[in-house]
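According to my numbering, the sequence shown is numbered sequentially starting from 35.
All C-beta atoms, glycine included, are put in the ideal place defined by N, C-alpha and C.
Remarks on the structure that follows.
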Amino acid sequence: MKFISIILLTLVCGFLVASNGIPEEKKDDYFLAIRREPTFKERVESTFRGHASNMFKIARCESGFDVNNPTTIEYPRRNVNWNDAKITGRPSIGIWQVNVPYDPKWFDPVTNLKEAKRRFDGQGYPAWKNCARGLGLL
Numbered sequence: 035m036k037f038i039s040i041i042l043l044t045l046v047c048g049f050l051v052a053s054n055g056i057p058e059e060k061k062d063d064y065f066l067a068i069r070r071e072p073t074f075k076e077r078v079e080s081t082f083r084g085h086a087s088n089m090f091k092i093a094r095c096e097s098g099f100d101v102n103n104p105t106t107i108e109y110p111r112r113n114v115n116w117n118d119a120k121i122t123g124r125p126s127i128g129i130w131q132v133n134v135p136y137d138p139k140w141f142d143p144v145t146n147l148k149e150a151k152r153r154f155d156g157q158g159y160p161a162w163k164n165c166a167r168g169l170g171l172l
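Here it is in structure tokens:
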């Protein structure tokens with residue numbers, strides 16, 4: 035009980051010290067400013083949870099984590115695999131090389147992450163068959 039009281043007192047004192055001298059109308063802005071966006075690594079870990087480590091490996095295998103890796107002449111400085119389009123009619127795009135109709139939004143790592151999660155939930159590692167097999171996940 036004494037330990038919990040010390041923690042609570044520390045938190046209250048820290049809050050009072052942090053807010054001391056800040057005009058009342060600026061306090062909300064101040065406390066919002068000290069919050070931060072999660073890093074991409076944190077987003078991947080919270081999205082894939084127990085599979086995050088393997089999904090990092092798949093991303094490294096698929097794209098080397100480089101959305102600007104030049105892979106084609108048609109779209110220089112964009113990571114687009116048009117070889118998949120010969121098979122599926124759609125290119126594979128971005129960090130996880132998701133097979134989708136071409137749209138620049140897929141180059142955004144967070145958008146690509148959300149689509150990779152949707153694919154993973156529906157298909158698991160076989161959605162990235164070649165890399166998953168090479169990594170021993172299949």
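Assigned exposure category for residue i - 16 Cβ within 10 Å defines buried
i: F154; result: buried
i: V144; result: exposed
i: P125; result: buried
Within 8 Å, strictly: CB atoms of residue i and residue j
i: K151; j: F82; result: yes
Alpha-carbon to alpha-carbon, residue j and residue i
i: K163; j: L172; result: 8 Å
i: I129; j: G158; result: 17 Å
i: W116; j: E76; result: 30 Å
i: D118; j: G170; result: 22 Å
i: K120; j: P135; result: 13 Å
i: G156; j: G98; result: 24 Å
i: M89; j: P138; result: 22 Å
i: C165; j: I127; result: 15 Å
i: E149; j: A161; result: 11 Å
i: P26; j: G123; result: No answer is possible for residue 26: the residues shown for the chain start at 35 and end at 172.
i: Q131; j: G168; result: 16 Å
i: K91; j: R70; result: 26 Å
i: G84; j: D142; result: 23 Å
i: R100; j: R94; result: Note on residue identity: the sequence assigns Asp, not Arg, to residue 100. The straight-line gap from Cα to Cα measures roughly 9 Å.
Beta-carbon separation (whole angstroms), residue i vs residue j, contact threshold 8 Å
i: E79; j: A86; result: 4 Å
i: N146; j: W140; result: 6 Å
At 4 residues or longer, what runs of the alpha helix (DSSP H) sit wholly inside the stretch 88-164? 117-122 and 143-157
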